[in-house]
Structure formats: structure tokens, C-alpha cells
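To start, the structure under review is shown below, and the notes come after it.
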Amino acid sequence: MDAVLLEEKICDIIREHMKNNHLSHAYLIETGDYLKSDDLMMKIVKSILCFKQGKHDELEKCNICNLIDSNQYTDLKFIYPQGNVIKKEQLLEIKKVFKTTPLNQYRIYVIFEAECLNASSANTILKFLEEPEPGVIAFLVAKNRYQVLETIVSRCQILTFSNYLEREIDSKVYDFIQRIVTNSDFYLDFKDILTFYMPDKNASKLLLDDLEFYLHQLLLYKTNSISTLECAELFTNLSKNSIIKYIAILEEEKEKLLYNVNYRLWLDHLLVRFLEVLT
Ligand SMILES: [Zn+2]
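In terms of the numbering used here, the sequence shown has 231 at position 234, counting the first letter as 1, and numbering is strictly consecutive.
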């Protein structure tokens, strides 16, 4: 898939979140082998800050885009590692800047090479990632999410750029999707299904990852950004808002799995939360 189209897809997802008032406090943009993360991030921040959400050509750029391009937009900060680390002081500076009264609705900071956050610098922003000032959005950019501290990743919504459309979804996920959609009225059936597809924590994590990826694809399908998607016809009644809610639930529940939760209780809880959206 062409890189420019891929960039557009990520921007479309962000615009969709914004339109539905569901922008996340923090996104992790996983770039994989794609090297132009600066270009990508420029497009992403413009899709939020620009008057036309970044949808105009170079010649008719708006004032905001001009300010962004000349690095003069005060509510946008880029952070790069110094040497091989992102230093605590760099992040304290950001926190200080974003504590002031906002000039604009959205304020964004972008941390490039989030792999370079060490435990001490990460600690500086954990709380800020979770409960930022109103309108503050963090973007963390990393080649590979598994090289970023787990405490950070678990607080971010992940948008993966690597192999975006080439990614193969396990056929098990399609079975699962068909069964949950067709059985959603029957609490007991549904519980059996969950137990069958998610016998343990590892299986759950893989399935929920794939399911989340599928829901992102479904969102793209619903906004006509992609033309085909397996099983999409099962979800004609599911609104974009519900899909976004669903994704948020998956993120929250996946995070709980990282801690030492009682797996059976967690599964019961997951069931209740799924039913909230499906019914
Ligand atoms: Zn613009």
C-alpha cells in the first residue's frame, strides 16, 4: 500500500475520533519501517489543528498551517531525544507550558522516538498522559510498540502504521465476531463463547488485539476509506460512536490484563462490558 494513502488513513481515523468527540488523551503511533515520521506527524497534527483539518493543498494553506510549518504555533511542541534519551527536564518543560491557560481548543505535544523514554522520564509524564489538562493531546511515535515501556503503552491508544492493510487477522477472530454478533441476546451462550475463545490471558490478549485492529478497520470501512472488509455486513447497525466506545473498552480491559487480575472475574466483567455496547 502506498505510503501517502497510509498516512491519509491514520489521519482519517483521528478526524473520525475528533468528529465524534472521542479523541484520546494519548496516542502511540507505531511507524514500523516507515521512516518519514516527521511528515506523518505534521499531517496528523494538522488534521486536528487546521481549520480544514489538513484537507487543502499547499497553495491555499490556512494561517494555522502556516504557523505550524514555520514552527510558531505555540500550542504545539515537538520533543526529540537528546543523545539517546528523552530527558526528564524536557518533559517537565512541556508540563509547565501546558499548565498555562490555553489559547486554543487543542494543544498537542509529540514525543518522537518514544523508545528513548526511560523509567525516570516516563514517571514524569505518566499522570499527565492519563489526566492531562483539558484539550491536551499527546502523540508518542515509536517504530515498535514493544520497545516502549509498558507503563507508557498501556496509557495510549495505539495506531499502527506498520503493515497497516497487509496485516492478517486470524480467522479465529472472524469466527468469534460472527458468533458474538449473532448470539448477543443470550447471556449464557455469550459466556460460553468467551470462555471458548479466551481460555487464558495470552489467548485473550491476542484476540483482543486482533479485535481492536478489526474495529479500526470497520471504522475506516464505515467512512468509505476502505471498500471491502470481511464480516462488515454484520455491523450495519453498529454506529461509528459505538465502534469507538467498543475500542475504548478493549483498551481499558486489555490494560487490566497486564495487572494481576483474577482471570475468571475479568472475563465476567468483560462480558458485561461487551453487552453494554452490543445490546
Ligand atoms: Zn490548514
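From the three backbone atoms N, C-alpha and C, an ideal C-beta is built for every residue, glycine too. Given the structure is predicted, the values throughout are model-derived calculations rather than measurements.
Under the rule that 16 or more other beta-carbon atoms within 10 Å means buried, what is residue i, buried or exposed?
i: leucine 162; result: Residue placement at leucine 162 cannot be trusted, given a pLDDT of 47 that sits under 50; the coordinates are not used to answer.
i: serine 21; result: buried
i: leucine 100; result: exposed
i: arginine 261; result: exposed
i: proline 196; result: exposed
i: tyrosine 24; result: buried
i: glutamate 55; result: exposed
i: leucine 32; result: exposed
i: histidine 72; result: Note that residue 72 corresponds to aspartate in the displayed sequence, not to histidine. Burial call: buried.
i: alanine 116; result: exposed
i: tyrosine 70; result: buried
i: glutamate 128; result: exposed
Is the beta carbon of residue j closer than 7 Å to that of residue i?
i: isoleucine 65; j: leucine 88; result: no
i: leucine 254; j: lysine 198; result: yes
i: isoleucine 105; j: isoleucine 83; result: no
i: leucine 205; j: tyrosine 243; result: no
i: proline 78; j: glutamate 27; result: no
i: lysine 43; j: cysteine 62; result: yes
i: asparagine 68; j: cysteine 113; result: no
i: arginine 152; j: leucine 126; result: yes
i: leucine 231; j: valine 178; result: yes
i: cysteine 8; j: isoleucine 41; result: yes
i: asparagine 17; j: asparagine 257; result: no
Whole-angstrom Cβ separation of residue i and residue j, contact assumed at under 8 Å?
i: glycine 132; j: glutamine 102; result: 6 Å
i: leucine 217; j: lysine 6; result: 6 Å
i: glutamate 334; j: phenylalanine 75; result: Lying before the first or after the last residue shown, residue 334 is absent from the chain, which here runs from -2 to 276.
i: aspartate 207; j: isoleucine 166; result: 5 Å
i: alanine 119; j: isoleucine 91; result: Not confirmed; about 13 Å, so no contact.
Hey, is residue i's beta-carbon within less than 7 Å of any beta-carbon in chain E?
i: phenylalanine 75; result: Judged by its chain identifiers, the structure shown contains no chain E, having just a single protein chain.
Based on the DSSP secondary-structure assignment, which residues constitute the bridge partners of residue i?
i: threonine 157; result: Glu27
i: lysine 74; result: Tyr106
Please list, in chain order, all residues with a C-beta atom less than 7 Å from at least one heavy atom of ligand 1. Going along the chain, the residues that qualify are Lys43, Cys47, Phe48, Lys49, Gly51, His53, Lys58, Cys59, Ile61 and Cys62.
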